[in-house]
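Protein chains in written order, with this note's numbering: chain Z, 1 to 308; chain R, 1001 to 1286.
Beta carbons: idealized from backbone N, C-alpha and C, even for Gly.
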Amino acid sequence: MAEVAPAAAASEVQASGARPGRVSGIVRAALRWAGVLPFGAYVALGLAAPTVAIAISAFQDSNTNAATLSNMDAAVHGTYFTGLQNSIELSIVCAVVPGIFGLLVAYAIFTAKRGSALRRVVVTASGVFANFGGVPLAFLFIASLSTTGVVTGWLKDISSADIWNPSALYNVNGIFLAYLYFQVPLMVLIILPALEGLRPAWREAAQNMGASTWQYWRYVGGPVLLPSFLGCLLLLFGSSFSAYATAEALTGGTVALTSVQIGALLNGNVIAAQENLGYALALIMIVIIVIVMVIYTVLQRRAARWLR
Amino acid sequence: MATVASAEQAGTRVPKPAVRRRTWPVWRWMVLVIAALYFGIPLYAGLKFAGLKAFTQVTSYPQFGSSFVLSLRLALIATVLTLVLMVPTTVYVHLRLPRIRRVMEAITILPIVIPPIALIIGVLKVAPGFLISTPDLLGLEYVILAMPFAYRSLDSGLRSFDAKTLVEAANSLGAGWPATLWRVVIPNLRTAMLSATVLTVALVLGEYTMASLDNFQTFPVWIVNFEQNSGNVSVAASLLALFVTWLLLMLIVTLGGRRARKHGGAEVALFSVATRQTTQTAGEAE
Chain Z
1 MAEVAPAAAA SEVQASGARP GRVSGIVRAA LRWAGVLPFG AYVALGLAAP TVAIAISAFQ
61 DSNTNAATLS NMDAAVHGTY FTGLQNSIEL SIVCAVVPGI FGLLVAYAIF TAKRGSALRR
121 VVVTASGVFA NFGGVPLAFL FIASLSTTGV VTGWLKDISS ADIWNPSALY NVNGIFLAYL
181 YFQVPLMVLI ILPALEGLRP AWREAAQNMG ASTWQYWRYV GGPVLLPSFL GCLLLLFGSS
241 FSAYATAEAL TGGTVALTSV QIGALLNGNV IAAQENLGYA LALIMIVIIV IVMVIYTVLQ
301 RRAARWLR
Chain R
1001 MATVASAEQA GTRVPKPAVR RRTWPVWRWM VLVIAALYFG IPLYAGLKFA GLKAFTQVTS
1061 YPQFGSSFVL SLRLALIATV LTLVLMVPTT VYVHLRLPRI RRVMEAITIL PIVIPPIALI
1121 IGVLKVAPGF LISTPDLLGL EYVILAMPFA YRSLDSGLRS FDAKTLVEAA NSLGAGWPAT
1181 LWRVVIPNLR TAMLSATVLT VALVLGEYTM ASLDNFQTFP VWIVNFEQNS GNVSVAASLL
1241 ALFVTWLLLM LIVTLGGRRA RKHGGAEVAL FSVATRQTTQ TAGEAE
């Protein structure tokens, strides 16, 4: 459609009313792109420019602006390396565990009737928790599991020994527990469409040929769902890797996670000499996310082969 | 309930409820009960921890009012800009440049995957001074954050009716582009625009990362800052925020669902980053 072939051009002329011809063809092509210009400009200013700025600042000295690798060097050593390690480990666990549990919940919902109350409540609740939970979530967990928390009280009543150590809420374990709260709903929302793509006819065909439930999932449902499932795990990884609000509100910025460290470096109360270290960390985050998204795109394309 | 997907199956086969019913409920109810406990207990704990008094106290703090008004103002800016920018763009791409739909999908998924903490520090680096000094910069940036939701709602809205034919009909009857957009396309996109709006509003009301790095006291930032004074009030405010958002979304999904059943349109999608539409486009291209 890009090459304005005479026939194609003629059919498109009707809308604009212009006469076909080489010059007007070029003009029209330019006009066609003009329609997405405002959007393109907005994205360039609001998304591309900041990203480029991060990439440049990451390689500049905080004081002199001279080109340097010292920020990147500092970003992959010491506490910042620990932060990266923690972030990646936490995100892997926070992708796999909620991924599996979310799949089970989604399947339970999926087998419920479309438009039923159960489904509506779960889907909307998932929408709320998955996308907009950040800060409120941290406070729910403080209310539950902090020293004076409600659940902490229950646990004390059940057993005289402290099963739950409230200080554990304010480290990576506590964050894992809190992240589950938005990761599971997120998984439910993103895997549901894939489940809906599984055609009942496949199951029937398998049953007609005498396949057991296990065989159906092993040879038909599982392989069809696998690329989507892995793709969803990658999105979950990205989601917990990027998360900042919950960890920050829960721990007050004391935990060694990359996103929290960036916040601490650039939150106004910075040691000026380290400002660009924050940009270096941000650049590393973006690079990791880009790698994850490339793999995700490949998996999506594989998933598309069967689920359409 | 006994069948896997009642609508599709009804036509092809007589369902055998007895077979299904025996195998499903045990694990299904177990999963749902565990989920209900995991999600219900913190909510209950929050209610109990805050105490009823905290809920009445929340609104009496002056900063509650100012931070909430600021959040509402940002929500308004972001929503209006999102609709003004995204509706014409999405319609235009759908009708005139369908081959760049995949590019649009790729671009509009970026704000979800680029960590907001990284994005905002980049924004603060490049934004001109007159914008940095006002919270409205946040409103402008929330348009970017809302883009994934807005684009996907609108795109699936456009797929739910035959936009191309309607627009051609309008044009051949002599309607210009503005009239076509306003009087033909937008009325058909009402549900999609509604869900884009609600998602944007909910997103802005809950956004913490960017606002805190930009040092403006929006509602979520106030909740966190206020914890030092009174943990109960912060918990109460959190619960209020969650429930209000939830109610809003319930309302939209119910209204959208009713509309969809009546007019045969699309159901309201809440989070459609990895929807079937995405895979469908990929499939079409092959």
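(request) Would you kindly work out how many angstroms separate the C-alpha atoms of Z:Tyr-42 and R:Val-1126, rounded to a whole number? (result) 14 angstroms
(request) Using the Cα positions of R:Leu-1242 and R:Tyr-1044, report the straight-line distance between them to the nearest angstrom. (result) 13 angstroms
(request) Return helix, strand or coil for Z:Ala-67, following the three-state DSSP convention. (result) strand
(request) Specify the secondary structure class of Z:Ile-295 as computed by DSSP and reduced to three states. (result) helix
(request) Take the Cβ of R:His-1094 as the centre, count every other Cβ of all protein chains shown within 10 Å, and call the residue buried at 16 or more, exposed below. (result) buried
(message) Tell me the residue span of the alpha helix (DSSP H) that contains Z:Asn-312.
(response) Absent from the model: residue 312 of chain Z. The displayed extent of chain Z is 1 to 308, so no value can be given.
(request) Can you have a look at Z:Arg-218 and say buried or exposed, based on whether 16 or more other CB atoms are within 10 angstroms of its CB? (result) exposed
(request) Report the rounded CA-to-CA distance for R:Arg-1021 versus Z:Phe-110, giving the unit in angstroms. (result) Confidence at R:Arg-1021 is low in this model, with a pLDDT of 43, below 50, so its placement is unreliable and the value that follows should be read with caution. Rounded to the nearest angstrom, the two C-alpha atoms are 15 angstroms apart.
(request) Anything in chain Z within Cβ reach of R:Pro-1178, meaning under 8 angstroms, just list it in chain order. (result) Those do not exist, as R:Pro-1178 stays about 13 angstroms from chain Z at its closest Cβ, beyond 8 angstroms.
(message) Can you tell me whether Z:Gln-60 is helix, strand or coil according to DSSP?
(response) strand
(message) Is there a C-beta anywhere in chain R that falls below 8 angstroms from the one on Z:Ile-395?
(response) Coverage of chain Z is limited to positions 1 through 308, which leaves residue 395 of chain Z absent and any answer about it impossible.
(request) For Z:Tyr-42, return the contacting residues in chain R, with the cut-off set at a CB-CB distance below 8 angstroms. (result) Leu-1085, Val-1143, Ile-1144
(request) Flag R:Pro-1115 as yes if its beta-carbon sits less than 8 angstroms from any beta-carbon of chain Z, otherwise no. (result) yes
(request) Give every residue of the same chain whose Cβ lies closer than 8 angstroms to the Cβ of Z:Ile-289, excluding the five residues on either side of it in the sequence, and list them in chain order. (result) Gly-238, Phe-241, Ser-242
(request) For Z:Leu-257, I'd like the list of residues in its chain whose CB is within less than 8 angstroms of its CB, leaving aside the five on either flank, ordered along the chain. (result) Gly-83, Asn-86, Ser-87, Leu-90, Val-172, Ile-175, Ala-247
(message) What does the alpha-carbon distance come out to for the pair R:Ser-1230 and R:Gln-1057?
(response) 11 angstroms
(message) Please confirm whether Z:Leu-69 has its beta-carbon closer than 8 angstroms to some beta-carbon of chain R.
(response) So no, Z:Leu-69 is outside the interface.
(request) Under the assumption that Z:Ala-58 contacts Z:Met-72 (Cβ atoms under 8 angstroms), give the Cβ distance between them as a whole number of angstroms. (result) 6 angstroms
(request) Helix, strand or coil for Z:Arg-199, going by three-state DSSP, please let me know. (result) coil
(message) Among R:Val-1185, R:Ala-1179, R:Ala-1196, R:Val-1167, whose alpha-carbon lies nearest the alpha-carbon of R:Tyr-1151?
(response) It is R:Ala-1196.
(request) Look at the Cβ atom of R:Thr-1108, then the Cβ atom of R:Thr-1200, and state whether they are nearer than 8 angstroms. (result) no
(request) Run the CB neighbour count on Z:Leu-233, radius 10 Å, all protein chains shown included, and call it buried at 16 or more, exposed below. (result) Under a 10 Å Cβ-count criterion, Z:Leu-233 is classified as buried, with 16 or more other Cβ atoms of the shown protein chains found around its own Cβ.
(request) Output yes if chain R places a C-beta closer than 8 angstroms to the C-beta of Z:Arg-218; else output no. (result) no
(message) Check this for me: beta carbons of R:Ser-1071 and R:Val-1204, under 8 angstroms apart or not?
(response) yes
(message) Between which two residues does the alpha helix (DSSP H) holding Z:Arg-28 run?
(response) 22 to 34
(request) With 8 angstroms as the threshold, decide whether the Cβ of Z:Pro-136 is near any Cβ in chain R. (result) yes
(request) Output, in sequence order along the chain, the residues in the stretch 1208 to 1224 of chain R whose CB is closer than 7 angstroms to any CB in chain Z. (result) Tyr-1208, Thr-1209, Leu-1213, Asn-1215, Pro-1220, Ile-1223, Val-1224
(request) Determine, using beta carbons only, whether R:Leu-1110 comes closer than 8 angstroms to chain Z. (result) yes
(request) Answer with yes or no whether the minimum CB distance from R:Thr-1245 to chain Z is below 8 angstroms. (result) yes
(request) Taking only beta-carbon positions, decide if Z:Leu-299 is within less than 8 angstroms of chain R. (result) Taking Cβ atoms only, chain R never reaches closer than 8 angstroms to Z:Leu-299, which makes this a no.
(message) If I measure Cβ to Cβ from Z:Tyr-107 and keep anything under 7 angstroms in the same chain, skipping five residues before and after, which residues do I get?
(response) Counting only Cβ-Cβ distances below 7 angstroms, and skipping sequence neighbours, we find Leu-195.
(message) Please confirm whether R:Thr-1077 has its beta-carbon closer than 8 angstroms to some beta-carbon of chain Z.
(response) It is Ile, not Thr, that sits at residue 1077 of chain R in the sequence shown. R:Ile-1077 does not count as touching chain Z.
(request) Using a Cβ-Cβ cut-off of less than 8 angstroms, give me the residues of the stretch 246 to 269 of chain Z that come near chain R, in sequence order. (result) Glu-248, Ala-249, Ser-259, Ile-262, Gly-263, Leu-266, Asn-267, Gly-268
(request) Measure from the alpha carbon of R:Asp-1214 to the alpha carbon of each residue in R:Val-1233, R:Ala-1146, R:Ile-1120, then state which is nearest. (result) R:Ile-1120
(request) Please report how far the alpha carbon of R:Pro-1128 lies from the alpha carbon of R:Arg-1028, in whole angstroms. (result) Cα to Cα, the separation comes out at about 55 angstroms.
(request) Identify the contact partners of R:Lys-1048 in chain Z, using a Cβ-Cβ distance below 9 angstroms as the criterion. (result) At a beta-carbon threshold of 9 angstroms, the residues of chain Z lying near R:Lys-1048 are Ala-143, Val-150, ordered along the chain.
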